[in-house]
Amino acid sequence: MPEPKKPLQKWKRKMRQEQEAAVSIYPHFHCLVCDQMVEKGQTYKTVRKSTNKSISYMAFCSKNCYEEYAPKPKKKGRSKKWINYIVLSAVIILLLILLFVFLFLFA
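In terms of this note's numbering, the sequence shown opens at residue 207 and continues consecutively.
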């Protein structure tokens, strides 16, 4: 008598990076208080922050730890923008002065 066929198992997709990030807590950074919480087996929630680097996210055990230990985004300097405007306006003014000088000399 032939053996009964086993039902085919459903094919599972591999988790994508975003799904893995939601499941996994690594890389995970802790402060001393949170390390003690983990040692005691207390539950903690993670606060995730996506980055543009090779690691897709960084997880911290609490919002306080995230605010304390997360790398702060660097503020783009507004001074560079204003310096560029000042230099550009100075060049335009010099060109206008040269234009008027040549017009009065050759006119």
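Glycine included, each C-beta is placed from N, C-alpha and C at the ideal position.
For LYS278, which of helix, strand or coil comes out of DSSP? Taking the sequence shown and counting its residues from 1, the one referred to as residue 278 is at position 72. DSSP places LYS278 in coil when its eight states are reduced to three.
Using only the alpha-carbon positions, how far apart do VAL297 and ILE303 sit? Position 91 of the sequence shown, counted from the start, is the residue given in the question as residue 297. Position 97 of the sequence shown, counted from the start, is the residue given in the question as residue 303. Across the structure, VAL297 and ILE303 are spaced so that their CA atoms are roughly 10 Å apart.
Just how far apart, CA to CA, sit LEU294 and LYS280? Locating residue 294 in the sequence shown gives position 88, counting from the first residue. Locating residue 280 in the sequence shown gives position 74, counting from the first residue. Here the C-alpha atom of LEU294 lies approximately 26 Å from the C-alpha atom of LYS280.
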